[in-house]
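Here's the structure we're looking at; comments come further down.
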Amino acid sequence: MPIPVVMQQNNSQLVHYTNNNFINNYLNSFNWNQILATLTSKVITIVLLSILFLLIARVGRSIIYHIFHHADVKKAQQPDPTKSAGRNRGKTIYSLLQNAYNYVIIFFWLYSILSVMGIPVGTLIAGAGIFSLAIGLGAQGFVSDIVSGFFILAERQIEVGEHVTINAIDGIVSAVGLRTTQIRSSDGTLNFIPNRNITSIANLSRGNLTTLVDIRITPDAPIKKIETIMDQVNEDQAGKDHNVIGDPLVFGTVYLADGSLAVQACIACKSGSEDNVQANYLQAYLTALQQAGIELPLSPQTVQPPKKPTPPASSQATASPFKMK
């Protein structure tokens, strides 16, 4: 039933927002009930759309996970050690698909929200001016990240689970995405590196590696005896560790970076096992030297390397027989 005009005027006269009659008349000209109903409807629609896209995102991620998890379990049941590369490749593709799927869900969610709010998204995207503005505000870096990530994956430079050094950051590849590559350092730090900033990659999981074991000594230590004991340890450890390739080699006495002396051994091993091999052989060396009664320094002792001999006095420049005025 329509409300009489008099009643509307009485109601408008009863609503006083400010002391200014012009502002009061302007504000009373709005149909606040309709505005509130429209706003409530849009908020409810946005909330329902958000819940819907959240469910779609969870279901999609769950499907992707089960597909790759099932394939990974089948490969793990096969005794062939060469399947590890395929498993790493599968983890890399899984990480990339999860990343791309999240971007797609976010894009359509934002598109739906803007459409509900009445913003012509299609017209904005088609507008050349808006597209140029987007490129100028940062799309260049985004495109560069995607292109760099594509070539990294296409050339199989790195894969999830491999030990790498990227831009002086050492760790295990945790994920490879469209924009960033995640590296987990040995102390647990998760490093996010934009793909366009990756200038150098050192992959430590491809091929065999060499680890060095340094036994610090004092200048008066029995070096020959220490080397003999280390050679005996190498013979005793032969065949016990399948990660060791070939026979360890005792280099002899070397100067370390801090100026101390050490007897150094070189051990070739499989990639990824260098830390364990180094720790095991260092423990074996120290135990054997301790049983032989050889004392090692408790702290690094700096030893000055021999200086180059100075030229004889006869070869040095003699004073000029002429006096300076």
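Sequential numbering from 1061 applies to the sequence shown in the numbering used here. Note that CB positions come from ideal geometry on N, CA and C, so glycine has one too.
Boundaries of the alpha helix (DSSP H) in which residue i is found, first to last residue
i               : result
aspartate 1230  : Element bounds for aspartate 1230: not the alpha helix (DSSP H) but the beta strand (DSSP E), 1229–1236.
valine 1203     : 1200–1214
aspartate 1307  : Segment 1304–1315 is the beta strand (DSSP E) holding aspartate 1307; no alpha helix (DSSP H) there.
asparagine 1336 : 1334–1351
glutamine 1297  : 1283–1297
Same chain only: Cβ atoms within 6 Å of residue i, ignoring 5 sequence neighbours per side
i               : result
proline 1357    : Arg1276 and Thr1278
threonine 1105  : Val1176
aspartate 1205  : Arg1239, Pro1254, Asn1255 and Arg1256
valine 1203     : none
asparagine 1081 : none
Beta strand (DSSP E) segment containing residue i, residue limits
i               : result
threonine 1270  : 1269–1277
threonine 1259  : That residue, threonine 1259, is in no beta strand (DSSP E); it is neither H nor E in DSSP.
isoleucine 1226 : 1223–1226
Among the options, the one whose alpha carbon lies nearest that of residue i
i               : options                               : result
asparagine 1255 : Arg1244, Arg1266, Ile1261 and Arg1239 : Arg1239
threonine 1249  : Gly1267, Ile1261, Asp1230 and Leu1264 : Asp1230
asparagine 1162 : Met1177, Gln1200, Leu1115 and Gly1178 : Leu1115
alanine 1262    : Gln1351, Val1224, Leu1269 and Leu1342 : Val1224
serine 1333     : Leu1346, Ile1354 and Gly1267          : Gly1267
asparagine 1159 : Gly1209, Glu1215 and Lys1284          : Gly1209
alanine 1298    : Pro1282, Ser1245 and Tyr1341          : Tyr1341
isoleucine 1124 : Ser1101, Tyr1154 and Thr1098          : Tyr1154
alanine 1325    : Gln1217, Ile1286 and Glu1355          : Ile1286
glycine 1150    : Ile1127, Ser1265 and Ile1283          : Ile1127
Residues that residue i bridges to, as DSSP identifies them
i               : result
serine 1122     : DSSP lists no partner for serine 1122.
glutamine 1242  : Ala1235 and Phe1252
valine 1323     : Ile1275 and Thr1313
alanine 1328    : Thr1270 and Ile1305
asparagine 1263 : Val1224
Supposed contact pair residue j and residue i - C-beta distance, whole angstroms, cut 8 Å
i              : j              : result
aspartate 1274 : leucine 1316   : 6 Å
glutamate 1222 : valine 1233    : 5 Å
threonine 1323 : aspartate 1301 : Note on identity: in this sequence residue 1323 is valine, with threonine being the wrong assignment. So it is not a contact: roughly 21 Å between Cβ atoms.
alanine 1344   : valine 1293    : 5 Å
alanine 1328   : threonine 1270 : 5 Å
threonine 1152 : glutamate 1219 : 4 Å
valine 1236    : leucine 1156   : 6 Å
8 Å Cβ shell around residue i - same chain, five flanking residues per side excluded
i               : result
tryptophan 1169 : Leu1109, Ser1110 and Phe1113
isoleucine 1165 : Phe1113, Ile1116, Ala1117 and Gly1120
serine 1245     : Ile1229, Asp1230, Gly1231 and Asn1251
Spatial neighbours of residue i in its chain, beta-carbon cut-off 7 Å, leaving aside the 5 residues before and after
i                  : result
phenylalanine 1252 : Thr1240 and Gln1242
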